[in-house]
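Structure first, commentary second.
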Amino acid sequence: MIEYALNFGFVCVALALLMNLYRLTAGPTTADRVLAVDTMAINAIALLVLYGIGKATAMYFEGALLFAMFGFVSTVAYCKFVLRGDIIE
Amino acid sequence: MGDWIVVPIVLPAVMAALIVLAVRHDIILQRVFSITATVALVAVTLSLLIFASGNGPEMYALSDWPAPFGIVLVLDRLSAMMVFLTSLLGLGVVLFASSEWDKRGKHFHALFQFQLMGVNGAFLTGDIFNLFVFFEVLLIASYGLMLHGAGADRLKAGMQYVVINLTGSSLFLVGVGMIYSVTGTLNMADLAIQVPNVASGDAALLRAGALILLLVFCVKAALVPVHFWLPGTYANAPAPVAALFAIMTKVGAYSVLRVYSLAFGDTAGDMAWLAAPYILPAALVTLVLGMTGVLAAKRLNSLIAFSVIGSMGTLLIAVGLFTPEAISAGLYYLLHSTFSAAALFLIADLVVSRRGQFGDSLHTAPRFHQSGFLAVLFFVGAIGMAGMPPLSGFIGKLQILDAARDSDAMVWIWAIILVTSLMCIVGFGRAGSVLFWKSASVDGEITVEGAKWPVLPIIASCGMLGALVALTIFAGPVTDYLQGVSVQLFDTSQYIEAVLGENALSLIGQ
Amino acid sequence: MEFLVASSIGLLTMCGTYLLLRGRTFPVVVGLAMLSYAVNVFLFAMGRLTINMPPILRDGVTEYTDPLPQALVLTAIVISFGMTALIVVLSIRTFLEIGNDHVDGRPAGAPSEAGDKN
Amino acid sequence: MMKRYLPHPLLTLALLIVWVFLVNEISAGAVIFGLILAIIIPLITANFWPGRPSVRNAYAICEYGLVVLWDILVANVIVAGLILFRKTESLESKSVVVPLDLTSPEAITTLAGTITMTPGTVTIDLSADAKSLLVHCLHAPDPQEVVDEIKHRYERRLKEIFE
Amino acid sequence: MSLTLIVLLPFIGAVLPAIMIRAGRNACATATGSVTLLALILLMAKAPAVIAGEVFQVSYSWLPELGLNVTFFLDGLGLLFATLILGIGLLIIIYARFYLSKDDPMGRFYVFLLLFQGAMVGIVLSDNILLLLIFWELTSLSSFLLIGYWKHLPAGRQGARMALAVTGAGGLAMIAGMLILGDIVGSYDLTVILQNADLIQASPMYLPALILILLGCFTKSAQFPFHFWLPHAMAAPTPVSAYLHSATMVKAGIFLMARMWPVLSGTPEWFYIVATAGLVTMVLGAWIAIFKHDLKGLLAFSTVSHLGLVTMLLGFGTPMAAVAGVFHIINHATFKAALFMTAGIIDHETGTRDIRRFGGLLNLMPIAGTIGIITAASMAGVIPFNGFISKEMMLEEAWHTMWLDQNWVVPLLATVGALFSVAYSFRFIFHVWLGKPRDENLPHHPHDPPFGMWAPPALLTVLVVLIGLFPSVIAGPLVAATAGAVIGGELPEYYLSLWHGLTPALGMSVIALIGGSLLLMRHGGLMSVTANLSRPDAKAMFDCGIAKAVALSRLVSDNLHNGSLQRYLAIMVIGSIGIGLSGFYAQPDFQSGSRELLEVSPPAAIGWLLLVVTCVAAVFMHHNRLLTLLLVGVVGLIVSLGFIYLSAPDLALTQISVEVVTVILMLLALNILPKETPKESTPGRKMRDGIVSIAAGLGVGGAIWAIMTRDLTNSISSYHLANSKVEGGGTNVVNVILVDFRGFDTFGEIIVLGIAALSIFALIETVTQGEAAKRLANWVVDHRRSADRHPMMMVVATRVMLPLSLMVGVYIFLRGHNEPGGGFIAGLVVSVALVMQYMASGFGWTQNRMKVNYHGMIGLGVIAAAITGVSAWVAGLPFLTSGFVHVHLPIVGEFELASAMGFDLGVFLTVVGAVMLALAKLSQVERMAEHVDINAEPMDHDPSATAAPAASPEKEA
Amino acid sequence: MPFVIELIISLLIVIGGAFLLIGSFGMIKLRDLLPRLHAPTKASTVGLGSLLIASMLFFWVERGHFTIHELLITLFIFLTAPITANLIAKAYMLLNVDPNKDLPPSKQDEGWATFDPIGPEGYDPSEEYQEKET
Ligand code: NA
Ligand code: NA
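Those protein sequences? They're chains A, B, C, D, E and F, same order as listed. Start counting the first sequence at 1; every next residue gets the next number (UniProt numbering). Start counting the second sequence at 1; every next residue gets the next number (UniProt numbering). Start counting the third sequence at 1; every next residue gets the next number (UniProt numbering). Start counting the fourth sequence at 1; every next residue gets the next number (UniProt numbering). Start counting the fifth sequence at 1; every next residue gets the next number (UniProt numbering). Start counting the sixth sequence at 1; every next residue gets the next number (UniProt numbering).
Dropping the structure here:
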């Protein structure tokens with residue numbers, strides 16, 4: 001049963017990623033694109049979690065953790081760039 | 001003595017770190033640290049040289065892991081010679097730079113020591129991926145040094161240098177990857193054993209990988225058609241850095257020699273002497289284009305830079321012949337061309353710094369201070385570079401010509417070496433005439449601020465020329481040593497045995 | 001799976017090379033970054049592909065993927081990161097010094113550098 | 001003494017919990033090591049967080065947490081419904097202003113965060129003097145209702161916790 | 001020994017004039033003269049024995065591997081030439097003392113002269129042809145310096161360069177010839193080579209060797225068609241012309257032909273090349289000489305002509321001709337050196353060398369005049385001077401020489417040559433010394449020069465007369481010894497005397513004398529005729545040739561190295577594709593792999609699709625730089641996911657961490673750089689790049705496809721897997737490889753990072769100077785900016801994140817040895833946490849709170865890594881040898897302590913130091929551009945602050 | 001594994017997946033950035049949250065010990081998502097929104113931070129920008 005659920009999950013996340021991709025390329029504003037990338041990071045974490053369950057391994061936890069942390073940082077950096085140009089001022 | 005093999009790498013690295021950590025604000029202390037370390041390096045590498053000349057190849061297993069599983073350093077006659085050459089050159093450069101150049105930007109001495117570390121590492125390592133790492137160390141240090149002091153032209157040239165070499169680094173990894181993917185090893189000696197045993201179905205991959213790697217080495221060695229980075233880089237680098245770079249091209253040549261005689265040499269079966277058919281023609285063209293550039297040059301520094309390309313052509317002609325005689329001849333020329341290029345860059349800087357606004361353009365300018373003295377230095381340096389007697393360049397060329405006798409391309413080799421020598425003579429003759437003679441027919445005198453007789457730079461420049469003289473006088477003993485190098489290079493079993501032990505030899509039927 | 005990886009590497013190489021050949025520093029830097037992705041994955045893939053066999057030793061597990069390429073890629077990633085950092089700064093520095101971001105340091109449409117006025 | 005080396009027991013506790021989360025085991029070794037870190041790290045980062053608020057009302061925190069968690073769950077279902085089943089044209093999206101009583105940056109941030117995570121609202125800006133929040137509502141036929149709920153449900157509780 | 005000393009003396013002595021010039025010009029000249037004199041004395045001490053037939057030899061090993069040794073030998077030929085070189089050299093030194101003016105740097109002159117002298121002596125005494133080559137080229141170099149001595153004269157500079165180019169070229173050809181010769185014989189020793197005439201002449205390489213060696217000889221001796229450089233070399237001071245261009249250097253070619261005569265001559269090839277070149281040179285040189293108005297030009301071309309004469313004689317290949325040649329060498333040296341010195345005297349005294357302005361000078365300067373007339377007469381071949389005798393011998397030989405089966409060609413042309421020779425010699429006598437003064441307004445009023453200046457030519461004139469009168473007494477033994485050495489066998493019967501009876505030669509001589517005189521009478525008319533003839537101007541041709549060569553070089557070089565990085569890279573990429581393909585297809589039997597392939601899972605397929613789309617989008621949208629960056633970020637994300645999927649968690653962690661730092665870096669850069677890439681590529685360029693890129697992609701993709709589809713049966717990594725835990729003490733094999741098996745790579749890797757940061761720092765340090773500083777000062781912010789620099793919510797969030805991130809960093813660091821993680825990733829985590837503080841709370845505020853120095857951190861990191869290595873080294877173990885222990889503590893339990901952790905700590909420190917240094921430094925540029933003061937407060941407005949903030953923005957130091 | 005647990009895990013996975021999908025779907029369906037912002041910031045976090053809980057449960061049952069580190073990821077996401085949303089919104093508004101027409105007034109002394117400056121000594125970078133523009 002979990003396997004079916006996992007497959008459903010994978011499909012959902014995959015579709016979600018494709019939608020993010022659409023938003024990323026279609027824009028229209030930079031903010032839209034940044035939002036798309038940020039959401040991609042979330043979906044990527046989801047993918048990792050699903051994968052971890054599927055393979056029954058906790059090996060990928062740190063990956064997910066860092067995705068969470070660094071996804072945030074890059075989104076912030078992009079926004080700061082749009083807002084101020086200079087991200088460290 | 002075997003324990004000391006790692007010192008030429010670690011000593012400069014630690015010294016650089018110390019300089020950054022402890023004395024980065026005090027230029028005098030930096031100089032003291034840097035010069036002391038370089039002198040110590042000369043002493044260590046000299047001892048290693050002496051050791052190597054009396055012993056077979058010596059392996060140093062880092063982290064105490066047996067080859068081929070860990071990284072090994074290998075000291076043989078060739079690597080010992082190269083690290084000694086590096087340290088001697090380094091000493092000259094650091095002396096020269098310590099007069100004034102090192103103040104024009106930050107971190108000169110740290111970058112310089114790191115550069116020495118990288119070069120020495122590249123010469124000593126017996127591991128192909130570790131070679132990549134040291135290539136990167138020496139490259140990135142060279143980027144830093146090349147850009148030392150900045151300035152528009154230097155930055156422009158630096159940009160090109162960096163981009164080309166980064167592309168080269170990517171190719172390096174592709175090459176290494178392909179080689180590992182069919183041989184399963186990174187150790188050069190082990191590679192020598194694996195290469196002939198690669199399944200025939202896999203051999204095409206191996207060959208392609210090995211050739212891509214060759215191209216990367218040739219980028220470093222400034223072989224046509226991947227030499228384009230050199231003219232701009234050398235011509236715009238700070239003088240002591242350009243002088244230090246004289247060894248950088250040699251790293252490329254060394255790598256070609258090392259890898260393609262050990263792993264793709266006599267014992268490589270199908271792939272024996274893989275590099276030869278590529279190197280030789282390219283080297284001939286390199287020589288022609290280099291000396292064409294000498295003839296065409298409108299700036300002193302680009303004149304010298306092109307002459308370096310030419311000299312790499314000459315050197316690689318010898319390497320590309322892949323015979324013991326040619327290689328010992330080529331190595332003699334390598335020693336020579338390193339010092340003569342360095343000398344010329346240093347002397348050119350002394351000239352340029354006295355020409356004020358005229359800089360290094362080959363344009364008539366009024367007289368400048370010490371033009372007589374500098375003319376002598378320049379003349380001697382030019383003789384060296386052009387391969388005119390009595391300096392070592394002539395002997396080197398003679399040896400190469402002599403060694404090329406049995407080659408199918410003998411006529412080409414002879415004709416090109418001799419004709420390009422003439423081009424070089426004419427080019428340098430024109431330059432010298434403009435710089436030192438024509439000024440006599442112009443009124444006035446250029447006065448530039450600065451020390452009238454900068455002691456360290458003059459010592460350094462004369463030291464480089466002195467090295468040429470010493471090479472000339474001791475041509476016999478040097479050639480003896482170099483023949484030993486060739487013997488070791490061609491008898492790869494010595495190297496393999498040193499790294500992998502006696503048993504390994506049975507695998508390649510030696 | 002192998003085809004996906006191989007085609008990805010090929011595509012990354014292709015796009016990286018194309019950007020590398022552009023005339024402005026920024027695309028060139030991006031191209032180099034893409035090339036280094038390509039190369040890193042290439043290097044990684046030379047150890048062949050495996051799924052769920054990370055080279056973290058576990059009791060009772062005998063099959064692991066080839067760890068060596070991974071170690072090499074790590075080194076390569078770090079090195080290319082250092083290189084990228086340097087070239088990024090260099091491109092800014094050159095831009096500030098020269099006033100344009102052409103890789104040859106000349107404005108658009110200008111003829112190639114006319115050597116040196118002799 | 002205690003004050004000097006353990007200025008923020010709550011932070012230390014939080015970090016200790018984080019450490020235990022990280023190492024994913026509750027053993028003596030892990031806890032001791034975690035404790036050491038949880039004491040050292042706040043000390044070395046103290047400079048970067050001047051005027052750390054002293055939050056001691058544990059009950060209020062729990063209550064707030066649960067409320068928010070519940071709201072998040074509900075919010076998600078509502079938003080999901082809006083996204084899936086409403087025509088985009090019929091959504092009454094608008095921005096509303098929430099005047100603030102809170103003054104601590106930490107409290108304001110928590111409130112803003114809560115707003116974002118809960119039903120159909122996203123904090124999109126703060127007035128320059130930090131006295132009002134600008135909240136965007138996905139579907140808010142009655143803006144005042146939203147403002148009232150925010151102030152009542154969250155700000156009130158946060159005031160208890162932080163001030 | 002003393003033989004070596006004779007060669008070395010001039011070289012060693014060359015330092016003397018440089019030193020002695022400080023003691024005055026006399027001291028300088030004396031020192032120089034003594035050196036030469038000493039060498040001459042040493043030589044003379046051996047002369048009797050040599051004349052008696054003895055050969056001295058001395059040999060030192062230099063480069064035996066090549067066959068290049070320092071070996072000298074002295075036989076008759078060497079003796080003659082050495083005597084000429086040293087003897088005339090001595091006279092020249094004396095003469096030059098008086099010739100050079102006060103403004104001329106005399107020390108330098110003598111240094112060059114001695115160097116030249118040494119080189120010449122070296123040539124004539126070398127017993128090793130490689131050694132000979134060295135001296136040969138040295139003469140080219142030293143003569144270059146001597147000709148260009150008056151560097152302010154363009155003619156001198158150009159003449160010097162031309163001489164260098166021509167003789168240098170010849171020398172290079174000769175190198176090839178000599179190497180061939182050595183190859184044929186198997187030795188580079190002259191004495192050996194001279195024994196092997198048959199071997200050499202039978203070799204198929206004889207002709208190439210001959211031509212190449214003759215190229216050297218002809219260029220140096222100014223033989224047709226290489227005669228043109230010599231007159232231009234006359235721009236040199238007269239002592240130089242006298243020495244180099246009459247007595248010595250130009251004779252080097254002659255010497256070598258004589259030296260090689262036994263082994264090279266006697267073949268038709270030799271005859272037709274050498275004799276013909278000599279003959280043509282003789283006639284042509286003489287003809288040109290007649291019409292030269294420059295005194296030295298006349299003498300120069302006469303020299304060319306006389307050298308041609310000797311060459312022709314050597315070319316005849318008969319012993320008798322060789323004797324005649326040798327004798328003429330001696331005679332020519334005596335009269336021509338004297339003539340040059342006389343010309344120098346005239347120049348010196350009158351201030352001009354234009355023959356058209358002279359006439360009747362004999363009255364004004366009788367001593368010089370006498371010398372000039374006698375020596376010129378000898379040059380003309382007038383009885384009873386020495387020139388007559390050797391010219392007679394030449395004509396005699398010419399008389400019975402067949403050229404292409406024609407018996408009249410050589411005699412006729414020889415006579416014509418002699419006739420011309422008479423004409424120009426008489427011109428020198430009649431137009432200069434005799435008749436009426438033609439120009440009353442000479443620059444100076446001429447009178448006889450000081451003794452020191454006329455004595456040397458006078459001495460030579462005495463020799464001219466004495467040899468003429470008593471040839472066999474004065475010159476006989478020397479001629480015999482020399483000719484013997486040249487011929488290398490029995491000497492023919494010959495008599496050196498003025499009168500040989502009524503021979504055809506005498507007849508030809510008479511015709512020449514009369515004809516020459518008649519010609520001179522018609523000189524004016526001829527002059528106008530020849531002036532109208534468009535003769536090819538050698539100098540113009542040479543200059544044009546060089547200019548063409550330079551222009552061609554520039555065309556090639558400048559067009560090839562046009563500074564276009566795009567071209568360079570395209571070539572490089574094409575080259576790598578080409579070389580890879582050539583390797584692939586050069587190896588037969590390529591087999592496709594048979595490895596079982598992995599299934600494609602849906603997420604993998606989606607990931608792939610994402611990658612494809614983002615990559616392609618990045619290319620097509622690359623003009624929008626921020627978008628490109630976002631797209632590339634996604635690529636990085638997918639690559640990281642791929643690493644995780646394919647069993648490489650460490651890689652994924654590293655990639656994702658590096659990714660974010662790269663993004664920050666790029667954003668910092670993008671703020672300064674233009675935000676758009678202009679669309680400037682032409683369709684053709686895009687097409688080219690597209691094709692190249694596709695090829696590169698196919699190549700790399702194909703290669704990795706081929707790799708992945710086959711098995712790798714044995715790899716060294718199986719050892720790593722097997723020993724990681726047991727020997728390396730860690731279960732994360734990748735990490736154990738990084739810090740232990742291949743820790744040295746990592747050592748290099750962190751150094752790369754450290755260097756990058758230091759270089760970045762150094763690069764940005766210079767931004768405050770020059771153009772960059774100006775640009776930054778005038779920077780205009782070109783985008784809309786938000787009003788709040790430090791959004792409060794972000795500040796608060798990062799404050800919470802910092803301790804959390806540090807915790808994570810420590811965690812990642814500690815577990816690295818056994819689980820995915822390690823010093824590098826931990827370093828990036830910590831760096832990013834710190835950077836977040838900078839981003840949120842601003843640089844000023846954060847930097848004020850940052851207690852560590854990033855430079856120091858880099859240094860410390862490298863040292864920490866090195867220490868773990870060095871401590872093993874000190875303990876006698878190899879560098880970086882690691883150890884680990886399992887420590888058991890109460891309560892805490894058991895844990896592992898590995899020295900590799902110390903190494904990893906070094907990695908960690910370096911990474912943090914490098915990343916932070918680079919970012920902090922880079923952000924400095926931004927602040928300069930934005931003209932923004934650094935902030936003292938973390939938030940633009942702190943709502944909790946009761947009072948208005950007191951601190952004002954701090955100006956950055 | 002007990003069926004109930006398995007069911008719960010499966011449900012959580014399905015819910016998580018669905019919410020993630022909805023979040024991203026909203027992002028393409030909604031017309032404008034500000035509405036779009038709602039979708040992923042909320043739906044994704046809950047979606048991810050349920051997956052993480054599923055994971056915790058799974059490993060608890062599978063491995064026998066309770067794994068909690070997933071909570072850390074949740075913590076991170078909850079901590080960062082509001083900031084992200086705030087900054088994205090600000091970035092959007094700066095370039096696409098006219099504060100005087102499209103936004104309600106702040107009802108305070110100062111306007112919205114994105115547009116109206118405040119800070120030490122009334123520092124106003126955008127003034128600088130305006131100056132240079134004219
Ligand atoms: Na990267
Ligand atoms: Na070890």
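Glycine included, every Cβ here is placed at the ideal spot set by N, Cα and C. As the structure is a computational prediction, the values presented were derived from the model and not from experiment.
Environment of residue i [buried if 16+ CB atoms lie within 10 Å]
i: Asn331 (chain E); result: buried
i: Ser390 (chain E); result: buried
i: Leu404 (chain E); result: exposed
i: Val726 (chain E); result: exposed
Any chain D beta carbon closer than 8 angstroms to residue i
i: Trp112 (chain F); result: yes
Within-8 angstroms CB hit, residue i to chain E
i: Lys107 (chain F); result: no
i: Leu280 (chain B); result: no
Residue-chain proximity (residue i, chain C), Cβ-Cβ < 8 angstroms
i: Lys156 (chain B); result: yes
i: Met159 (chain B); result: yes
Assigned secondary structure, residue i (DSSP; H/G/I helix, E/B strand, else coil)
i: Asp189 (chain E); result: strand
i: Gln50 (chain E); result: It is worth fixing the name first, because residue 50 (chain E) is Val in this sequence and not Gln. Correct three-state label for Val50 (chain E): helix.
i: Lys117 (chain C); result: At Lys117 (chain C), the pLDDT of 31 sits below 50, so the modelled position is not reliable; the number obtained from the coordinates is stated separately. Note: Lys117 (chain C) maps to coil in three-state DSSP.
i: Gly149 (chain B); result: coil
Within chain I, partners of residue i - CB distance below 8 angstroms
i: Pro104 (chain F); result: The displayed structure is made up of protein chains A, B, C, D, E and F, and chain I is not among them.
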